[in-house]
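Asks: Could you have a look at this structure, given as structure tokens, before my questions?
Number of protein chains: 2
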Amino acid sequence: MKIVVDIFGGDNSPQALVKGCIDAMRERNDLEIVMVGDIGQVSDELKKYPHDTNKIELCDAKDVITNDDVPTMAIKTKKESSLVKALELLKNREDICGLVSAGSTGAVLTGGIFKVGRLKGVGRPALAPLLPTKTGGNVCLIDCGANVDCRPEFLTQFALMGSCYMKAMFDIENPKVGLVSVGVEDKKGNELTKEVFARLKEMPINFVGNMEARDALTGDYDVLVADGFVGNVLLKSVEGTASMVMSMLKKAVMSSTSAKIGALFMKKAFKQLKHDMDYNTRGGAPFLGVEKIIVKAHGGSNDVAVKAAVLQTAKMAEKKLIENIAGELRAMEGNA
Amino acid sequence: MKIVVDIFGGDNSPQALVKGCIDAMRERNDLEIVMVGDIGQVSDELKKYPHDTNKIELCDAKDVITNDDVPTMAIKTKKESSLVKALELLKNREDICGLVSAGSTGAVLTGGIFKVGRLKGVGRPALAPLLPTKTGGNVCLIDCGANVDCRPEFLTQFALMGSCYMKAMFDIENPKVGLVSVGVEDKKGNELTKEVFARLKEMPINFVGNMEARDALTGDYDVLVADGFVGNVLLKSVEGTASMVMSMLKKAVMSSTSAKIGALFMKKAFKQLKHDMDYNTRGGAPFLGVEKIIVKAHGGSNDVAVKAAVLQTAKMAEKKLIENIAGELRAMEGNA
Numbered sequence: 005m006k007i008v009v010d011i012f013g014g015d016n017s018p019q020a021l022v023k024g025c026i027d028a029m030r031e032r033n034d035l036e037i038v039m040v041g042d043i044g045q046v047s048d049e050l051k052k053y054p055h056d057t058n059k060i061e062l063c064d065a066k067d068v069i070t071n072d073d074v075p076t077m078a079i080k081t082k083k084e085s086s087l088v089k090a091l092e093l094l095k096n097r098e099d100i101c102g103l104v105s106a107g108s109t110g111a112v113l114t115g116g117i118f119k120v121g122r123l124k125g126v127g128r129p130a131l132a133p134l135l136p137t138k139t140g141g142n143v144c145l146i147d148c149g150a151n152v153d154c155r156p157e158f159l160t161q162f163a164l165m166g167s168c169y170m171k172a173m174f175d176i177e178n179p180k181v182g183l184v185s186v187g188v189e190d191k192k193g194n195e196l197t198k199e200v201f202a203r204l205k206e207m208p209i210n211f212v213g214n215m216e217a218r219d220a221l222t223g224d225y226d227v228l229v230a231d232g233f234v235g236n237v238l239l240k241s242v243e244g245t246a247s248m249v250m251s252m253l254k255k256a257v258m259s260s261t262s263a264k265i266g267a268l269f270m271k272k273a274f275k276q277l278k279h280d281m282d283y284n285t286r287g288g289a290p291f292l293g294v295e296k297i298i299v300k301a302h303g304g305s306n307d308v309a310v311k312a313a314v315l316q317t318a319k320m321a322e323k324k325l326i327e328n329i330a331g332e333l334r335a336m337e338g339n340a
Numbered sequence: 005m006k007i008v009v010d011i012f013g014g015d016n017s018p019q020a021l022v023k024g025c026i027d028a029m030r031e032r033n034d035l036e037i038v039m040v041g042d043i044g045q046v047s048d049e050l051k052k053y054p055h056d057t058n059k060i061e062l063c064d065a066k067d068v069i070t071n072d073d074v075p076t077m078a079i080k081t082k083k084e085s086s087l088v089k090a091l092e093l094l095k096n097r098e099d100i101c102g103l104v105s106a107g108s109t110g111a112v113l114t115g116g117i118f119k120v121g122r123l124k125g126v127g128r129p130a131l132a133p134l135l136p137t138k139t140g141g142n143v144c145l146i147d148c149g150a151n152v153d154c155r156p157e158f159l160t161q162f163a164l165m166g167s168c169y170m171k172a173m174f175d176i177e178n179p180k181v182g183l184v185s186v187g188v189e190d191k192k193g194n195e196l197t198k199e200v201f202a203r204l205k206e207m208p209i210n211f212v213g214n215m216e217a218r219d220a221l222t223g224d225y226d227v228l229v230a231d232g233f234v235g236n237v238l239l240k241s242v243e244g245t246a247s248m249v250m251s252m253l254k255k256a257v258m259s260s261t262s263a264k265i266g267a268l269f270m271k272k273a274f275k276q277l278k279h280d281m282d283y284n285t286r287g288g289a290p291f292l293g294v295e296k297i298i299v300k301a302h303g304g305s306n307d308v309a310v311k312a313a314v315l316q317t318a319k320m321a322e323k324k325l326i327e328n329i330a331g332e333l334r335a336m337e338g339n340a
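Protein sequences, first through last, are from chains A and B.
Each number in this note's numbering corresponds to the 1-based position in the first sequence with 4 added.
Each number in this note's numbering corresponds to the 1-based position in the second sequence with 4 added.
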């Protein structure tokens with residue numbers, strides 16, 4: 005199984021990217037990586053780790069797309085960038101099944117659509133990160149920002165794609181799909197979600213109804229469907245609040261000597277909490293609805309996150325996620 | 005200053021409502037309360053506390069609107085309910101300046117519009133709760149659910165009303181107004197927010213630009229503007245995440261003996277954290293844009309929350325919030 009990695013995307017490139025790839029290959033024997041980026045720097049990094057040279061292919065790319073670039077422009081003009089070259093390899097080579105990048109989200113999404121292409125029948129591909137749940141599991145939020153203005157049919161496809169994804173990743177037989185709304189009652193929602201609600205009820209998925217954002221992380225749902233604007237607000241509220249509570253906790257701890265002593269005893273517990281909340285162990289967000297697997301890792305990904313994203317990409321390929329989505333879409337169209 | 009209170013709205017009625025009113029009157033000497041609800045039960049509650057009978061007026065209402073009632077129907081047909089009677093007193097009596105209810109949100113909003121009436125020039129009144137910030141302050145989120153489908157002019161009025169509210173409540177000279185969006189850059193947003201962005205830039209308020217939901221609680225903003233759907237998702241994500249982090253923390257604490265010992269030392273710190281996160285000390289959410297002051301307290305409000313909501317209502321009246329909003333609206337129309 006061969007995966008192409010944009011070694012120069014992300015804040016910690018190339019070090020974290022190279023190390024993450026090496027660690028992923030150690031975990032999966034069948035994994036091969038095409039590393040795209042400045043060949044000199046990549047080679048230097050590779051020297052740090054023992055590795056099977058037969059399993060690593062290098063592709064030189066001297067340029068980098070940054071967060072300061074305008075995505076559409078960068079994808080068109082920065083032909084020598086590691087991301088554009090990686091996308092082209094993904095598109096053109098049949099032996100490469102997926103791509104991982106920790107680079108500019110906008111550029112990865114734009115590049116995914118323009119260089120790799122939408123899957124037949126998909127209105128809008130969507131970004132689908134995992135969030136941690138209270139019960140120690142994961143919930144997939146789709147879309148979290150790729151499409152800020154949506155038509156109802158986009159959201160019904162998000163539901164279907166998210167469902168396929170959770171089946172593939174966690175072997176959940178009938179992923180529970182919730183529609184992000186302002187209350188759990190059937191009639192709650194805005195014009196868009198009311199229309200989507202009616203359509204989801206007719207679909208061959210396990211649609212459990214409207215969901216209140218308060219229950220997003222309870223573990224009662226496997227997939228949360230939203231337009232990209234609402235999904236983005238939900239995702240970032242979760243991040244912002246978690247960070248605020250942790251910082252309030254820190255402040256409370258530092259406020260007295262006895263609390264400081266207490267915190268020493270609780271070191272392990274705090275570490276566990278931090279681990280449970282940590283994105284880095286969750287891999288990246290797949291961009292679902294394009295012709296091949298694309299996983300966007302967090303810009304700040306460390307080597308652990310990169311390793312997780314690479315393994316996640318491999319699993320998606322192994323489970324034939326793209327083929328499944330394509331099949332489900334055809335079946336839905338056939339019924340419509 | 006006279007305020008009417010719906011004693012039979014909320015999960016803890018009538019006890020918490022009566023006690024909250026009494027405690028508020030103890031704090032403000034100039035406060036008088038009209039208590040609406042079953043006169044026998046209210047009188048029994050009142051017997052528990054020493055109070056100045058000249059400052060309390062009782063209005064009998066035998067019926068109650070619950071969360072199971074359909075709001076529009078209940079407001080029309082439950083004429084003997086404590087909420088409908090309270091709304092009518094607010095509308096008809098010049099000496100009553102505001103209303104507090106912990107009852108069904110839908111009924112309070114519907115009743116506010118149909119019984120009390122929109123302020124002249126207001127497209128849509130909006131619900132505007134306060135959220136705690138990292139810096140120990142408050143941020144007003146407007147709208148958080150009254151209007152799930154909005155036109156741009158509704159949001160510009162939300163910005164203006166939220167701004168007036170924060171000026172009145174916290175003496176902030178130029179409240180910093182942020183527009184809830186998917187990124188801080190000027191061009192980020194969906195069709196609605198892009199149009200709103202352009203209009204907010206032209207308004208005589210301190211509009212600081214687009215805001216990412218991640219930064220909602222940083223203290224960098226005084227007012228967050230959103231349509232009711234997005235605002236509701238933001239509000240409930242914050243609530244849900246805070247509750248999840250606290251429960252993960254609890255689990256982490258219970259996971260080992262040393263952590264349990266540590267938690268004993270940290271009791272005070274945890275209590276402080278819980279207090280900082282507590283809604284009950286923040287009062288209720290004003291329903292801005294109606295002709296008189298209406299404050300919706302949380303359904304689960306205890307006596308502390310009721311007291312806070314009553315004092316908040318008094319402060320809004322004292323600061324002439326309604327008159328200020330009306331004046332600003334006229335000025336805006338004049339300029340348009």
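Note that beta-carbon positions come from the ideal geometry of N, C-alpha and C, so glycine has one too.
Determine, for Thr245 (chain A), whether the minimum Cβ-Cβ distance to residues of chain B falls below 8 Å.
Replies: Yes - at least one Cβ of chain B is within 8 Å of the one on Thr245 (chain A).
Asks: Starting from the C-beta of Glu157 (chain A), find all residues in its chain whose C-beta is less than 6 Å away, skip the five residues before and the five after it, and write them out in chain order.
Replies: Gly127, listed in sequence order.
Asks: Run the CB neighbour count on Ala160 (chain A), radius 10 Å, all protein chains shown included, and call it buried at 16 or more, exposed below.
Replies: According to the sequence displayed, residue 160 (chain A) carries Thr and not Ala. It counts as buried.
Asks: What residue from A:Ala65, A:Ala330, A:Ala78 has the CA that sits closest to Lys124 (chain A)'s CA?
Replies: Closest by alpha carbon: A:Ala330.
Asks: I need the boundaries of the alpha helix (DSSP H) containing Ile117 (chain A), first residue and last residue.
Replies: First-last for Ile117 (chain A): undefined, no H or E at that position.
Asks: Please state whether the Cβ-Cβ distance between Phe211 (chain B) and Val234 (chain A) is less than 8 Å.
Replies: No; because the gap between Cβ atoms is not below 8 Å, this pair is not in contact.
Asks: Within 10 Å of its beta-carbon, does Thr261 (chain A) have 16 or more other beta-carbons around it, so buried, or fewer, so exposed?
Replies: Exposed, because fewer than 16 other Cβ atoms sit within 10 Å of the Cβ of Thr261 (chain A).
Asks: Which residues of the stretch 213–243 of chain B have a Cβ closer than 7 Å to any Cβ of chain A? Give them in chain order.
Replies: Against chain A - using a Cβ distance shorter than 7 Å - the residues of the stretch 213–243 of chain B are Glu216, Ala217, Arg218, Asp219, Ala220, Leu221, Phe233, Val234, Asn236, Val237, Leu238, Lys240, Ser241, Val242, Glu243.
Asks: Tell me which residues share the same chain as Leu164 (chain A) and place their Cβ nearer than 8 Å to its Cβ, disregarding the 5 neighbours each side in the sequence.
Replies: If we look at Leu164 (chain A) and ignore the five residues flanking it on each side, its Cβ neighbours are Met207, Ile209, Ile329, Glu332, Leu333, Met336.
Asks: Compare the C-beta of Ile79 (chain A) with all C-beta atoms of chain B and state if any pair is closer than 8 Å.
Replies: Chain B contact via Cβ: absent.
Asks: Show which residues of chain B have a CB atom less than 9 Å away from the CB atom of Lys300 (chain A).
Replies: Those within 9 Å of Lys300 (chain A) in chain B number zero; the least Cβ separation is about 15 Å.
Asks: Look at the alpha carbon of Ile11 (chain B) and the alpha carbon of Ile37 (chain B), and state the distance between them as a whole number of angstroms.
Replies: Looking at the two C-alpha atoms, the distance is approximately 11 Å.
Asks: For Glu327 (chain B) and Ser167 (chain A), what's the separation of their Cα atoms in angstroms?
Replies: Approximately 52 Å between the Cα atoms of the pair.
Asks: Apart from the five residues just before and just after Lys323 (chain A), which ones in its own chain have a Cβ nearer than 6 Å to its Cβ?
Replies: Cβ within range, chain order: Ala172.
Asks: Tell me Phe211 (chain A)'s beta-bridge partners as DSSP assigns them.
Replies: Answer is A:Val181.
Asks: Whose C-beta lies closer than 6 Å to the C-beta of Gly116 (chain A) among residues of the same chain, with five residues either side of it excluded?
Replies: So the list reads Phe291, Val294, Ile298, once near-sequence residues are dropped.
Asks: So Phe174 (chain B) and Asn142 (chain B) are in contact, right, with Cβ under 8 Å, and what is the actual spacing, rounded?
Replies: Correct: roughly 7 Å between the Cβ atoms.
Asks: Can you give the beta carbon distance from Leu277 (chain B) to Met252 (chain A), rounded, assuming they're within the 8 Å contact cut?
Replies: The Cβ separation is near 5 Å, so the contact holds.
Asks: Please look up how many angstroms separate the CB atoms of Asn16 (chain B) and Asn214 (chain B), rounded, as I've assumed it's under 8 Å.
Replies: 39 Å between Cβ atoms; not a contact.
Asks: Across which residues does DSSP place Ala289 (chain A) in a beta bridge pair?
Replies: DSSP, once it has assigned bridges, lists A:Lys300 as partnering Ala289 (chain A).
Asks: Identify every residue that forms a DSSP beta bridge with Met39 (chain B).
Replies: B:Val9, B:Leu62.
Asks: Quick check: the Cα distance between Val88 (chain B) and Met320 (chain B), rounded to an integer number of angstroms?
Replies: Looking at the two C-alpha atoms, the distance is approximately 22 Å.
Asks: Considering only residues of the same chain and omitting the five flanking positions on each side of Ala263 (chain A), which have a CB-CB separation below 6 Å?
Replies: Hits under 6 Å: Val257.
Asks: Tell me which same chain residues have a C-beta within less than 7 Å of the C-beta of Gly149 (chain A), skipping the five on either side of it?
Replies: Leu131, Gly232, Gly235, Asn236.
Asks: Glu216 (chain B) bridges to which residues according to DSSP?
Replies: B:Ser185, per the DSSP bridge assignment.
Asks: Which residues bound the beta strand (DSSP E) around Ser105 (chain B)?
Replies: 100–105 is the extent of the beta strand (DSSP E) around Ser105 (chain B).
Asks: Just the chain A side, please: which residues come within less than 8 Å of Gly127 (chain B) by C-beta, in chain order?
Replies: Here the premise fails: no neighbours, minimum Cβ distance about 16 Å.
Asks: Distance cutoff 8 Å, beta carbons only. Does Phe269 (chain A) sit that close to anything in chain B?
Replies: Yes, Phe269 (chain A) counts as interfacial toward chain B.
Asks: Identify the contact partners of Leu277 (chain A) in chain B, using a Cβ-Cβ distance below 7 Å as the criterion.
Replies: Ordered by position in chain B, the residues that pass the 7 Å Cβ test against Leu277 (chain A) are Met252, Leu253, Ala256.
Asks: Asn194 (chain B) versus chain A: which residues are under 7 Å apart at the beta carbon?
Replies: Correct list: Val152, Asp153, Phe233.
Asks: From what residue to what residue does the alpha helix (DSSP H) around Val200 (chain A) run?
Replies: First-last of the alpha helix (DSSP H) with Val200 (chain A): 195–205.
Asks: Does the distance from the C-beta atom of Leu145 (chain A) to that of Ala230 (chain A) stay below 8 Å?
Replies: Yes. Within cutoff.
Asks: What do you get for Leu94 (chain B), buried or exposed, if any count of 16 or more other CB atoms within 10 angstroms of its CB means buried?
Replies: Counting Cβ neighbours within 10 Å, Leu94 (chain B) comes out buried, since at least 16 surround it.
Asks: With distances taken Cα to Cα, identify the nearest neighbour of Thr81 (chain A) among A:Lys119, A:Lys180, A:Pro18, A:Lys275.
Replies: With distances taken between Cα atoms, Thr81 (chain A) lies closest to A:Lys119.
Asks: When you compare the CB positions of Ser85 (chain A) and Val104 (chain A), do they come within less than 8 Å of one another, or not?
Replies: No, the pair does not count as a contact, with Cβ atoms beyond the cut-off.
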